Amino acid sequence: MSAPLPAPLATRVAVLGHVEWIEFAPVDHVPGPGEIVHATDPFALPAGGGTVAAVQAARLGADTLFLTAVGGDDVGERTREELRGFGLDLHVAWRGGEPQRRGWTHLDAAGERAITILGPRLVPHGDDPLPWARLADCAAVFVTAGDPEAIRRARQARILLATPRALPALAQAEVEIDVLVGSAGDPGEQVDLGTLPHPPGFVVRTAGAAGGTWERIDGRSGAWTPAVLPGPVVDSYGCGDSFAGALTTALGAGLAFEDALDLAALAGAHCLTGRGPYGAQLRLTD
1 MSAPLPAPLA TRVAVLGHVE WIEFAPVDHV PGPGEIVHAT DPFALPAGGG
51 TVAAVQAARL GADTLFLTAV GGDDVGERTR EELRGFGLDL HVAWRGGEPQ
101 RRGWTHLDAA GERAITILGP RLVPHGDDPL PWARLADCAA VFVTAGDPEA
151 IRRARQARIL LATPRALPAL AQAEVEIDVL VGSAGDPGEQ VDLGTLPHPP
201 GFVVRTAGAA GGTWERIDGR SGAWTPAVLP GPVVDSYGCG DSFAGALTTA
251 LGAGLAFEDA LDLAALAGAH CLTGRGPYGA QLRLTD
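All the letters of the sequence shown, read from the start, carry residue numbers 1 to 286 under the working numbering.
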């Protein structure tokens, strides 16, 4: 980065998004057809893109509002209880009668993850009894999931970031997106920008070990180099979401765009060296 990092980043941000209860199974390799593999030290956590981004923002020092929805079953209750331990300003909409979305993730010896998701995504709705007015006090909001009205409410913030996975609700909301951030290699995060009523101010595409690229609405473009890993690769779950959470926080705190990208790349690199999404997330300390 071209300037020293503030420590911590003093800003208020929000994440409007989803949470999934994920079971992690560290294995030597992902099983092939008919094969049985044995996991070592399996564990389970609330995760998913919204949760991981929100926790990363909080660990960078941001006062982080997290608006989400959980299922009305025992797993949903456990998810909410676990989320309370992450230092978030947490507000949950209950989906009574709907099961909590869950997932199963193999983490192989090379650090790659393979994910199976069980159940539909539960998203915040604009008519949920959540503290929507407080979004106006946020410097930046990152959207991973929500209905169109919830996304319109998120536009109260000074800066609105979103993942392509929030389509088609982003298109239906008809709001201007300042930064659309996703993976260059993930088929689920490719988007035809022509489907959006307003072109994003920036499109950011991460490329893992290759760094990533950005394009601006005025035609300018650029790239960043990957951050140096602070340790050996452990697993890649949550790296892109940590990148997005850090980018949201950095832009909310007023960092220059390219400095914010560098900080986000550093956050992604740190996540790659920890067990699960939270084992090594970047922290800024005094």
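Cβ coordinates follow ideal geometry from the N, Cα and C atoms, glycine included. It should be emphasised that the depicted structure is a prediction, and the values quoted were computed from it without experimental measurement.
Check residue i in the structure and name its three-state DSSP category.
i      : result
Pro197 : coil
Glu23  : strand
Ser183 : strand
Leu247 : helix
Ala227 : coil
Arg59  : helix
Ile242 : First, the amino acid is wrong: residue 242 is Ser here, not Ile. In the structure shown, Ser242 sits in a helix (DSSP, three-state: H, G or I).
Ala109 : coil
Cys271 : helix
Asp262 : helix
Tyr39  : As written in the sequence, residue 39 is Ala, which differs from the Tyr given in the question. Here Ala39 sits in coil by DSSP.
Leu9   : coil
Ala69  : strand
Val352 : Only positions 1 to 286 of the chain appear in this structure, which leaves residue 352 out of reach.
Thr163 : coil
Asp286 : Only weak support exists for where Asp286 lies, its pLDDT of 44 falling under 50; the value from the coordinates is given anyway. If DSSP states are grouped into helix, strand and coil, Asp286 belongs with coil.
Ala145 : coil
Ala14  : strand
Leu118 : strand
Val203 : strand
Arg78  : helix
Arg134 : helix
Arg102 : strand
Gln281 : coil
Ile177 : coil
Gln172 : helix
Gly276 : coil
Ala256 : coil
Gly50  : helix
Gly34  : coil
Taking only the alpha-carbon atoms, compute the straight-line gap between residue i and residue j and give it to the nearest angstrom.
i      : j      : result
Asp241 : Ile36  : 30 Å
Arg78  : Gly219 : 46 Å
Leu284 : Thr11  : 13 Å
Thr105 : Ala25  : 6 Å
Ala47  : Ala223 : 29 Å
Gly32  : Gly50  : 30 Å
Val27  : Ile217 : 43 Å
Trp21  : Ala114 : 15 Å
Leu360 : His125 : Here the chain comprises residues numbered 1 to 286, so residue 360 is not present and cannot be evaluated.
Gly103 : Val203 : 29 Å
Leu167 : Gly279 : 30 Å
Val179 : Gly97  : 35 Å
Leu255 : Ala264 : 11 Å
Tyr237 : Arg80  : 21 Å
Asp286 : Asp63  : Confidence at Asp286 is low in this model, with a pLDDT of 44, below 50, so its placement is unreliable and no value can be given for it.
Ala69  : Ala93  : 4 Å
Ala162 : His38  : 37 Å
Gly231 : His270 : 8 Å
Ala7   : Gly34  : 50 Å
Ala227 : Leu266 : 5 Å
Glu215 : Thr40  : 42 Å
His9   : Ala253 : Contrary to the premise, residue 9 reads as Leu rather than His in this sequence. Roughly 6 Å separates the two Cα atoms.
Ile159 : Gly276 : 29 Å
Gly288 : Ala169 : A question about residue 288 goes unanswered here, because the residues of the chain that appear run from 1 up to 286.
Could you please give me the residues that DSSP links to residue i through a beta bridge?
i      : result
Leu45  : Ile22
His91  : Leu67
Ser221 : Glu215
Ala140 : Val13 and Ile159
Taking Cβ positions, are residue i and residue j nearer each other than 9 Å?
i      : j      : result
His198 : Val181 : no
Leu90  : Phe66  : yes
Leu95  : Leu130 : Here the sequence assigns Arg to residue 95, which means Leu is not the residue at that position. No, these two residues do not count as a Cβ contact at 9 Å.
Asp16  : Val143 : Sequence check: residue 16 is Leu here, not Asp. It is a contact, given that the beta carbons lie within the stated cut-off.
Val13  : Ala145 : no
Val75  : Pro99  : yes
Gly72  : Gly119 : no
Thr225 : Gly208 : no
Thr206 : Ser183 : yes
Quiz item: Does the count of Cβ pairs from the stretch 49-63 and the stretch 232-249 closer than 8 Å reach three?
Solution: yes
Quiz item: Do the stretch 189-206 and the stretch 82-97 make contact, defined as three or more Cβ pairs closer than 8 Å?
Solution: no
Quiz item: Touch check for the stretch 123-135 and the stretch 249-260: three-plus C-beta pairs under 8 Å?
Solution: no
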